[in-house]
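This report concerns only the one structure given below.
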Amino acid sequence: MKTHSHRILVMGVSGSGKSHIGHQLALTLGATFIDGDDYHSPANVAKMASGKPLNDDDRSEWLDTLAALFAEYRARGESLVIACSGLKKRYRDRLRQGDPALQILYLEGSRELLLERLETRAGHFFKGDTMLASQLADLEPPSEEEAFNASIALSPQAIITQFAATLPTPSRSPI
């Protein structure tokens, strides 16, 4: 019996736990995990490392690359979880070009909690308060119809368990 495959975007601003939760979710589902940050161009990484936020043009090629990954896995019938900020609805729409049935897990949290997490994170190119403010300004939170919204105040395991329970299965497949 073939298992149901999923393409999942774990989204939220920096500090929300996308990479950690995405990796754990992929393990739970037997899926491949990709950290979208690994696909930024060297120019984008350098820009963020210098404290400058990315703009729509900076993100364009990156989003196309991630959409192509979703499309590849969909064509093979394999499950994939990608952690990516997905800040704007048009970014998520672009990612859906790779899989129109893309499932989205949105990690939401207070500015204070996000900043606290960022300040304790070592070895990441994303730097502090100014960059977080920029992402929060760009954020167009998905509706409950577009995504499963989860508070980052919950434990990662609670978030994963709650989200996984909403995923289509062969017996619960969308029409």
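Heads up: the sequence shown begins at 681 in our numbering, then just goes up one per residue.
C-beta atoms are modelled at their ideal positions from N, C-alpha and C, and glycine is treated no differently.
- In the assembly as shown, H686 is a buried residue. Its beta-carbon has 16 or more other beta-carbons within 10 Å.
- Going by DSSP, S831 is part of the beta strand (DSSP E) stretching over 828-831.
- Take the alpha-carbon of K698 and the one of P821: they are about 15 Å apart.
- Contiguous beta strand (DSSP E) elements confined to the region 731-792 occur at 760-763, 783-788, taking only those with 3 or more residues.
- Secondary-structure assignment with DSSP links I688 through a beta bridge to V761, Q783.
- Within its own chain, no residue has a Cβ closer than 6 Å to the Cβ of L793 once the five positions on either side in sequence are excluded.
- For T712, DSSP records a beta bridge to L760.
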